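In order, the protein sequence lines correspond to chains B and Z. Every letter in the first sequence is one number past the one before it in our numbering, and letter 151, counting from 1, is 151. Every letter in the second sequence is one number past the one before it in our numbering, and letter 20, counting from 1, is 20. Note that beta-carbon positions come from the ideal geometry of N, C-alpha and C, so glycine has one too. Since the structure is predicted, the reported quantities are computational estimates derived from the model, not experimental observations. Right, one structure below, let's go through it.
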Amino acid sequence: MWVYEKKLLYPVEVTTCNPMLAKYLMEQYGGADGELAAALRYMNQRYTVPDKVIGLLTDISTEEFSHLEMLATMIYKLTKDASPEQLEKAGLGAHFVNHGHSLFYENAGGVPFTATYIQSKGDPIADLYEDIAAEEKARATYQWLIDISDDPGINDSLRFLRERENIHSLRFREAVEMLKDERDRKKVF
Amino acid sequence: MNNFDERVNLLKKVQQMDFVVVEWTLYTDTHPNDEDALEQWREAIKEAAVARKQYENKFGPLSLKSIPSRQALEVGWRWNQDPWPWQL
């Protein structure tokens, strides 16, 4: 089970209302390589992986949910004071007529989240390679977001998130090596 | 320092210390025999608990795993009370 903590993993400070930036950030909220996809992917794979890597998938999945909350906070703060006109100008007119000022799991292009973004193969090496790729794609997306954003508060949080994807990728690669070592040892006997 | 600034500063301290725990936890997940890392992980958990207690004594529990302090109850602390993390 999970217990809610009334705090963010890392502070989110927004400099100005900026619905256009919020729209771009939705890529990491409900997009294919976003935080929701990451959290759900690992949380679902963990049941059938070898015991050695269950902890890692559980812990990284839990952290991804805290990243999701950071993204939600950014999007909320960037749009809460925007008028319908401002939202429309930022390309969020269609979002507004369907969702008002509320958030939704969709990507920067407005495409709703789908489970087809993620996979679970019942093969730990295949799953972990997908996880490594997911982290690298998320890292790249954060880089593009930093490149396009001029909000210093948002960029600070995005840099933190980008570095976390690096660490997750590294840990997943170590997990692959742990499983390969075990497999090779079994062959010897 | 006013109440709001103090709250934000103490919360940042909790966030920092909790993050160290998150980082060592992931590291020890893939380095289960690294005794030095395990020691630092245990130390980080202790330090995070100290920072959490400092915040919670004054501003109330961050989760329902903590007992509300007398001080927090006296100023009317309730779980269902803003600011929520995205409102801060």
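In terms of residue numbering, what span does the alpha helix (DSSP H) encompassing residue 52(B) cover? 51-79
Chain Z contacts from the segment 54-80 of chain B (Cβ-Cβ distance under 8 angstroms): 55, 56, 59, 60, 63, 69, 72, 73, 76 and 77
Check whether the segment 151-171 of chain B touches the segment 135-142 of chain B, counting contact only when three or more Cβ pairs, one atom from each stretch, lie closer than 8 angstroms. yes
On the DSSP bridge assignment, give the partners of residue 112(B) in chain order. 106(B)
Under 8 angstroms, CB to CB, which of the residues in the segment 164-187 of chain B have a partner in chain Z? 167, 168, 171, 174, 175 and 178
Run down chain B in chain order and give the residues with a C-beta less than 9 angstroms from the C-beta of residue 15(Z). By Cβ distance, chain B contributes 7, 8, 9, 10 and 11.
Status (buried if at least 16 other CB within 10 Å, exposed otherwise) for residue 112(B): exposed
For residue 126(B), count the other beta carbons within 10 Å of its own beta carbon; 16 or more makes it buried, fewer makes it exposed. Which is it? exposed
Between the segment 7-20 of chain Z and the segment 40-57 of chain Z, do at least 3 Cβ pairs fall closer than 8 angstroms? yes
Of the residues 25(B), 1(B) and 10(B), which one's Cα is nearest the Cα of residue 151(B)? 25(B)
When you compare only the Cα positions, how much space is there between residue 35(B) and residue 63(B)? 9 angstroms
Does residue 4(Z) come within less than 8 angstroms of chain B when only Cβ atoms are used? no
In the DSSP assignment, find the unbroken alpha helix (DSSP H) run with residue 98(B) in it and report its ends. Taken as a continuous stretch (DSSP letters only), the alpha helix (DSSP H) holding residue 98(B) covers 93-99.
Tell me which same chain residues have a C-beta within less than 7 angstroms of the C-beta of residue 148(B), skipping the five on either side of it? 24
Any beta carbon of chain B sitting closer than 8 angstroms to that of residue 38(Z)? Judged by the 8 angstroms Cβ criterion, residue 38(Z) is not in contact with chain B.
Exposure label - residue 48(Z); buried when at least 16 CB within 10 Å: buried
Just the C-alpha distance for residue 175(B) and residue 25(Z), rounded to the nearest angstrom, thanks. 14 angstroms
Would you verify that the beta carbon of residue 49(B) is, or is not, closer than 8 angstroms to some beta carbon of chain Z? no
Nearest-angstrom Cα separation, counted from residue 162(B) out to residue 156(B): 10 angstroms
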